[in-house]
Amino acid sequence: MRSASSGSSIFRPPPGLYSPCRRALRSLELSLLIATCDHRWHATSVGAVHHEEIVAMADLPKELVEEVEASLRAYRAHTYRTSPSLRLHSLEQAVEFVRERGFILFWPIKNLDLPSLWVAVAGDRPVAAEHDDPGHVTWRWKDEMLSKRRWYYGKLLRGKATLVSLDLLAAFYALSPRLADTDDFREAYHEGGLTREALQVAEAILREGPLDTIALRRAAGLSRPQAKYRFDRALTELQRGLWILPVGVAKAGAWRYAFVYELFDRWYPGIPAQAAVLSEEEARAQIVDDLLRSVGIASPMAIATALRWKREAVNRAILNLVESRRALHLPDGGAVHHNLLHFLEPAS
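Here it is, written out as structure tokens:
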């Protein structure tokens with residue numbers, strides 16, 4: 002199990018961003034302005050939050066608001082690697098970035114503000130349509146790593162391409178519908194959790210081993226043109242539930258490029274046992290901890306939307322982080338990670 006401090010690098014702001022109100026923050030998600038300003042304003046205690054106090058005020062000075070926003074942008078410039086000096090230039094740096102962040106998106110997703118490999122390499126700009134854009138080195142890195150088992154890649158968050166550190170993968174598995182049996186997709190199907198096509202795809206891989214997309218469609222009985230949508234949907238279903246994942250690329254199909262899919266438990270046989278020792282609360286706290294370390298501050302709704310969790314589960318995870326001194330509660334129920342507070346402090 003990961004330690005609470007795993008990968009939690011503390012960044013310092015550039016000169017000029019520190020002010021006497023060193024813990025002034027603003028939730029960009031909800032435009033909730035809060036500050037912990039050495040009791041400069043009347044503060045309302047939020048309970049046993051380690052003697053920290055939080056202020057929610059709508060009429061703070063404009064200069065403070067601007068500085069708060071600049072500080073949060075500076076923090077995310079570090080955690081997202083949008084600063085030119087922090088961009089990734091090698092595959093090894095990319096591997097370390099995923100380990101540091103816990104989980105990231107492969108490409109940016111609209112209305113989901115999380116770090117992505119594309120932005121960390123190419124900068125904060127849209128994914129280029131031109132195949133020769135330098136930023137598309139990320140595609141080559143992703144393909145090279147599929148068979149290496151140094152990170153997880155698959156359609157996980159919102160059914161979109163996601164990279165997860167192996168340190169955090171057991172937490173996602175612990176929260177998945179998996180029962181830690183290689184063929185537990187059958188039970189999920191009978192309980193209505195998977196479509197018939199997903200069952201056919203999983204059965205084909207279980208029976209025949211790793212298969213490229215073309216061979217898999219044939220083996221699953223979904224090779225007809227009209228079945229393509231249902232086949233693609235099945236692949237996404239199975240990846241979101243951590244039943245299958247891409248583990249390589251084959252020269253197959255019209256484009257001579259096709260993913261090779263394998264059962265998750267056969268590819269990462271140690272993950273189910275790691276997940277078995279995690280409680281649901283521990284798994285959720287690990288994931289929210291890494292999310293907050295990346296974004297700095299977030300509302301419960303933003304976290305619930307990103308992870309597709311129920312609000313109650315998010316609230317419990319935040320409380321876990323507050324009690325373990327990794328985050329502070331906000332008046333709206335959200336949280337600010339201690340790394341962001343440290344970021345706003347001057348270097349000693």
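In the working numbering, the protein residues as written are 2 to 349.
Glycine residues also receive a C-beta, built at the ideal position from the N, C-alpha and C atoms.
Asked                                                                                                                                                                              : Found
Considering residue 304, what are the terminal residues of the alpha helix (DSSP H) in which it resides?                                                                           : 301-308
Just reading off the beta strand (DSSP E) that residue 217 is part of, what are its end residues?                                                                                  : Unbroken run through residue 217 is the alpha helix (DSSP H), 214-220; no beta strand (DSSP E).
Distance, Cα to Cα, residue 127 vs residue 303?                                                                                                                                    : 22 Å
Using three-state DSSP, classify residue 209 as helix, strand or coil.                                                                                                             : helix
Rounded to the nearest angstrom, what separates residue 150 and residue 105 at their Cα positions?                                                                                 : 16 Å
At the level of alpha carbons, what is the spacing between residue 97 and residue 184?                                                                                             : 33 Å
Buried or exposed: where does residue 148 fall if 16 or more other Cβ atoms within 10 Å of its Cβ makes it buried?                                                                 : exposed
Can you tell me whether DSSP reads residue 155 as helix, strand or coil?                                                                                                           : strand
For residue 21 and residue 68, what's the separation of their Cα atoms in angstroms?                                                                                               : Bear in mind that a pLDDT of 35 at residue 21, under 50, signals an unreliable position, so the number given afterwards is only what the model happens to contain. Their backbone Cα atoms lie some 11 Å apart in a straight line.
Residue 354 to residue 164, Cα distance in whole Å?                                                                                                                                : Nothing can be reported for residue 354, as the shown portion of the chain is limited to 2 through 349.
Helix, strand or coil for residue 174, going by three-state DSSP, please let me know.                                                                                              : helix
Once you ignore the five residues that flank residue 317 on each side, which residues in its own chain have a CB closer than 8 Å to its CB?                                        : 282, 285
If you follow the alpha helix (DSSP H) that residue 107 is part of, which residue opens it and which one closes it?                                                                : No alpha helix (DSSP H) contains residue 107, which DSSP labels as neither H nor E.
The beta strand (DSSP E) spanning residue 338 covers which residue range?                                                                                                          : 336-338
Can you name, in chain order, every residue of its own chain whose Cβ lies under 7 Å from the Cβ of residue 178, other than the five neighbours on each side?                      : 189, 194, 242
Can you tell me the Cα-Cα spacing of residue 233 and residue 308, whole angstroms?                                                                                                 : 22 Å
Give me, in chain order, the residues of the same chain whose beta-carbon lies closer than 6 Å to that of residue 92; leave out the 5 immediate sequence neighbours on both sides. : 142
Residue 157: buried (16+ other C-beta within 10 angstroms of its C-beta) or exposed?                                                                                               : buried
DSSP three-state label for residue 249, please.                                                                                                                                    : strand
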